[in-house]
Structure formats: structure tokens, C-alpha cells
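Protein chains in written order, with my numbering: chain U, 1 to 301; chain F, 302 to 556.
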Amino acid sequence: MSAAEKSEQQRLSVFKTYKLYVGGKFPRSESGRVYEVSDSKGKWLANAPQSSRKDARDAVVAARKAFGGWSGATAYNRGQVLYRVAEMLEGRKEQFVREVADAEGLSKSKAAAVVDAAIDRWVWYAGWTDKIAQIVGGGNPVAGPYFNLSSPEPTGVVTVLAPQESSFLGLVSVIAPVIATGNTVIVIASEKSPLPALSLGEVLATSDLPGGVVNVLSGRTAEIAAPLAAHQDVNAIDLTGADEALAKELEIAAADNLKRVLRPQPVDYARTPGIERLTAFLETKTVWHPTGSLGASGSSY
Amino acid sequence: MAFTGSTAVGKAIARQIAGSHKKVTLELGGKGANIVFDDAPIDQAVEGIVSGIFFNQGQVCCAGSRLLVQESIHDELLDSLKRRLSTLRLGDPLDKNTDIGAINSAEQLSRITTLVDQGEAEGAERWSPACELPSSGYWFAPTLFTNVTQAHTIARDEIFGPVLSVLTFRTPDEAVAKANNSPYGLSAGIWTEKGSASSPSRASSARVSSGPTRSTSSTRPRRSAGTRSRASAARAVVTAWRRTSPRRARRASDK
């Protein structure tokens, strides 16, 4: 037995503790609860934190705190940060290929294709950050001495129920468009396969993304989503990961402060997305700006 | 489905259509703020305030029903405003010379009256110009309240009538905080002479420089097309302020 082999045998295995990603930190659930996550064949993979209502509320506080800075950053800067996420993911590709393969029961090559697509998705949305305003905003012709301009503004704090099946590509496809436009997000990872989402938190933490812009929670989707749908400081909710009954219940709760609601719809995440998810969480602000020229009354007002 | 009306009914509709595939547009309440800074052109601001709250007797969702005045010009502005209100003509809404017509129903009139009485009971000072009301019909004289605090019902609830609440502020931050302190953010106006020429603020420079470099940089009440979200109008105020204030831009990192 060689020395190298001997030391290999003596080494204790290092298990990864998967943790939440909230406000740029990696807390466990305040409840102390975890639940078992297994692969597609039922083999145990890891324990994931089982978030509570309190974790959800903490995440809202973090997301709200981050909103001013993130929405105030230039669109160009947000694009740079999103591209940086893609760069960081590229370097940790192997880990994600393994996690996605385990979670979704894919072969290594198929999982690699999924991870590649997810990285490309970050790049795609990175490009959109400083272009979307040209598509959905602009000057308006008005009958008066005003310069009239409509511009898109982020909706605010958005809760996203990530797709249950597509644990990584689907996840990226629902988060990236929300933060690309300046919103901050609380994402509830796929209940069955939360590990790629929790690992994404580690990537986001090293990608120049300010803490709190993306907050990742794992646990029972229905348990975490209910307080978020009813939360008065959440401005919108994407119900993608909810089944029909849960979606209806959450939409009713969301009506209390008139959140914007994106209902679940069938999506093929492998295809290039349109701009629907970008515009779903934008508000239109219109400004009337006197031009200083005189109107019929002889005054500029 | 498209609905324009009260926020309570809007919420009921949103609950009702939950789980369906119906699309909805809700155009709900507003408690817009006009913010007047001490360097604003007073006469122009007064005109803007008057058309903001007394147009269509204030029965407008984007009515500027709150007036935020910088403390140092409060008295001066109020004098001008009162003088201007005294010249408004009440009467037949079909007459072109009429400034203020009637309230649309007895029910709405009683709601306005109740809220105004409550405002007085809560300690705000009520003022209306001396004007004759026609003998028949649902009339309410243009009214303004001073000594109003943010806690007052008249500063919080949508009155949907010709009633203006006047609040004061000292610093720009305070103005923004007060303007945003409403679940009914929909429209806002900012009156200041500074702004466009000197605004170095982010993301908006292109728009500003294509506005006037001199004259005023005041904005008319803006209308948010989205209307469902309080955040949107809240940000509208904040963003507009960024646009008009060089001081604000220096603290670009805070909200």
C-alpha cells in the first residue's frame, strides 16, 4: 500500500451543510429544522434547511433593504453583475452538473447541457438589463407644452416560487429576469430538489451581487409561500412552482395588498425566453415635464 | 376585465378572479402629493396645485390631494393659494366659465362632508373661500386644511372631493418620506426651480437635459399607468426627486 493510498483511506469524508442564503449570509433555518433530500432514485443526498415563516419574513426584510441600492444601480452595472454570475458559475460547473444530475436523474452529459443553458441564460438576461427600457418606455406625444416620458421601474420585492421540476435551469430562468430590471427577490427553491438552488446562493455571494438582492429559501413550498403571499411589504409574486390549488389560495392572499401576480403557466425552459418575465415585474412611470414654452393662455402652465 | 374605482372593490375583484385565467386591469385610489420646495415659482405652483385637486371637483383618482410645502414658504404659499381659491367660480358644469361644478351624488357629498367634519374634529384647521353655493344640487365649496399631520384621516383616506390637506416639511428626505407614506401612491408633482440644469443624477440625465435648461423643472402630476402597486408611485416620487435634486444624488446609495 502506497503512502498516498493510505492517507486517502484515513481521510474522513467532509459532508456539505446546505444552508439558506438570506441577506448575503448563509443562515440555517431559525427553526433549526432540516428535511431529507434524496436523488431521483430515492438515495439520500443531504439535509436541507426547512424554512419557517420567520425565515420568510427575515428574507423580506433583507430584500427590502437591498432594493434601494439595486434598483438605483445603473442598468449597465446590473448587467455586469449578472454576467459575473455566469462567469462564477462557469468555474463551478462540475459541482452543478453533479447536483443537477442527482436531482433530476439526468445523465452527466444531459445535466451538463442543462447547466450550460443556465449559464447562457444569465448572459442573455445580462444583455437585456440596459435594453428593456428602450423596448417598453419612451417619449409620448401629448397635446400640451410638456415633454412626456414613460419609463419602466422595478415593481419592488418579488417572491418567486421556483419551478418544482427544473431545479436549476428553471430556477435561473425565473430569478434572472426579476433581478435584471432592478427588483429584489425571495425565491423558494424546488421542494424536492433544493440543492442546486442552495448552491447557487454560494455563487451569487461571490458574484458582486449585493446581499439581499436574491434570497434563497428551501423547505415546504406551501408553508413558506403562504406568509409571503400575504406579506404587506412584498410587491409581487410569481406562482410558477405552485400547483393549481395552492396558486389559487396564494392569489387570494396576494389580493390584500394588490400584489402583481404571475400565474403558473407551462414553460419550456430549454427554449430562449421572450421578454414576458422581464416585463411581468415592471411598472410604468410617466413624467410630465414642462418644456417652458407658452401655451394658449400665455403661460407655460 | 377592467375596473376603475375604489381600492376595496379592486381587492374584492382580485380575490374573485384568483385561480382563473382572467386578466385584470385595476385603476384604483390615489392620494397624490404635490411637493413644493422653497425655490419653487409660487404662482405656477399654485396653478398646478389648484388644477391638481380642484379639477373635476377633486373626483379624480390622481388628484393631488396632499400638499407638502417646505416650511419656510408655507405662509407665503398659503396666502397665494387662498387668494387663488377665492377666484374660483362654482356653478353649472356645462358653463365654460365654471371652475368647479357639483359633486356627482348625494352619497358622495355626504362622504366628503363626513371626512371633512372628521378632519375638523381631529384638530386640523379648515378654510374655504367665501362663495355662494347654488341652492339646488350637490355642492361642496373648495376646502383646504392646514395644521394637518400624517396621522389625520384627511391625510390618509381618499376623499374624492375638492379637499386639500396641507402638510409641511423641512428637508427633502422628510418630503419624500411623507409623500411616500400612503398606500394610495398614484401621482405626484414636484415644484422647484433647481433641478434639470444641475441634475447629475443617474439614469435620468438624458431625459433631463432634453427638458428646459432654464425655467422650471417642476413636473406635472404624473400618472402611473400600472396603478396597482403602491411601490410604483412611491418610487415615482423618489425617482423624480433624484431627478430634480443635486443634493439627493450625492447620497445615491441610500433609498
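Glycine included, C-beta positions come from ideal geometry on N, C-alpha and C.
Check	Outcome
C-beta neighbour in chain F for U:Leu246, strict 8 Å	no
Within 8 Å, strictly: CB atoms of U:Gly219 and U:Tyr18	no
8 Å Cβ cutoff met for F:Gly420 and F:His453	yes
Contact with chain U by F:Leu327, beta-carbon distance below 8 Å	yes
F:Arg316 at chain U interface by Cβ criterion, 8 Å	yes
Through-space distance from U:Asp243 to U:Ile119, alpha-carbon basis	27 Å
Three-state secondary structure assigned by DSSP to F:Leu389	coil
Chain-order list of residues whose beta-carbon lies under 8 Å from that of U:Ser31 (same chain, five-residue window excluded)	Gln50, Ser51, Ser52, Lys54, Asp55
Cβ-Cβ distance between U:Ala222 and U:Leu246 below 8 Å	yes
Entirely enclosed alpha helix (DSSP H) segments - the stretch 128-179 of chain U, minimum 4 residues	132-136
For U:Gly72, the three-state DSSP class (helix, strand or coil)	helix
Same chain only: Cβ atoms within 6 Å of U:Gly201, ignoring 5 sequence neighbours per side	Tyr21, Val216
Within chain U, the residues that F:Lys479 reaches when beta carbons sit closer than 7 Å	Going along chain U, no residue has its Cβ under 7 Å from F:Lys479, so there is no contact; the nearest lies around 17 Å.
Residues of the stretch 251-265 of chain U whose Cβ lies closer than 7 Å to any Cβ of chain F, in chain order	Glu251, Ile252, Ala255, Asp256, Leu258, Arg260
Member of F:Ile314, F:Leu327, F:Phe338, F:Val370 whose CA lies at the smallest distance from the CA of F:Phe446	F:Val370
Alpha-carbon to alpha-carbon, F:Phe470 and F:Asp380	18 Å
Presumed contact (8 Å Cβ cut-off) between F:Gly462 and F:Gln345, rounded CB distance	With 8 Å as the limit, F:Gly462 and F:Gln345 do not qualify as a contact, their Cβ atoms being about 25 Å apart.
Cβ neighbour criterion (16 or more within 10 Å) applied to F:Arg367	buried
Within chain U, the residues that F:Gly331 reaches when beta carbons sit closer than 7 Å	Within chain U, no residue comes near F:Gly331; the closest Cβ sits about 13 Å away, beyond 7 Å.
Through-space distance from F:Val310 to U:Gly68, alpha-carbon basis	31 Å
Distance, F:Arg385 Cα to U:Ala226 Cα	52 Å
Beta carbon of U:Arg78 nearer than 8 Å to that of U:Ala180	yes
Residue nearest to F:Gly490 in terms of C-alpha spacing, selected from F:Lys312, F:Ala315, F:Gly353	F:Gly353
Within-8 Å CB hit, U:Phe15 to chain F	no
Beta-carbon proximity list for U:Asp256, same chain, < 8 Å, skipping 5 on both sides	Ala230, Gln232
Rounded Cβ spacing between U:Gly212 and U:Gly23 (contact assumed at less than 8 Å)	5 Å
Contacts of F:Gly486 in chain U (Cβ-Cβ under 8 Å)	Within 8 Å Cβ-Cβ: nothing; F:Gly486 doesn't reach chain U, min ~10 Å.
Near the ligand FMN: F:Phe446 beta-carbon under 7 Å from a heavy atom	For the structure depicted, the ligand FMN is absent and the ligand set is empty, with no information on it obtainable.
Any chain U beta carbon closer than 8 Å to F:Lys312	yes
CB-CB length for F:Thr444 against F:Val464, believed under 8 Å	5 Å
Under the three-state DSSP convention, the category U:Lys363 falls into	With chain U running from 1 to 301 in the structure shown, residue 363 of chain U is simply not present.
First through last residue of the alpha helix (DSSP H) which encompasses F:Ser411	407-422
7 Å Cβ shell around U:Leu45 - same chain, five flanking residues per side excluded	Val37, Ser38, Asp39, Asp102, Leu195
Three-state secondary structure assigned by DSSP to F:Pro430	coil
Rounded Cβ spacing between U:Ala176 and U:Tyr125 (contact assumed at less than 8 Å)	4 Å
Bounding residues of the beta strand (DSSP E) (the contiguous stretch that carries U:Lys285)	282-290
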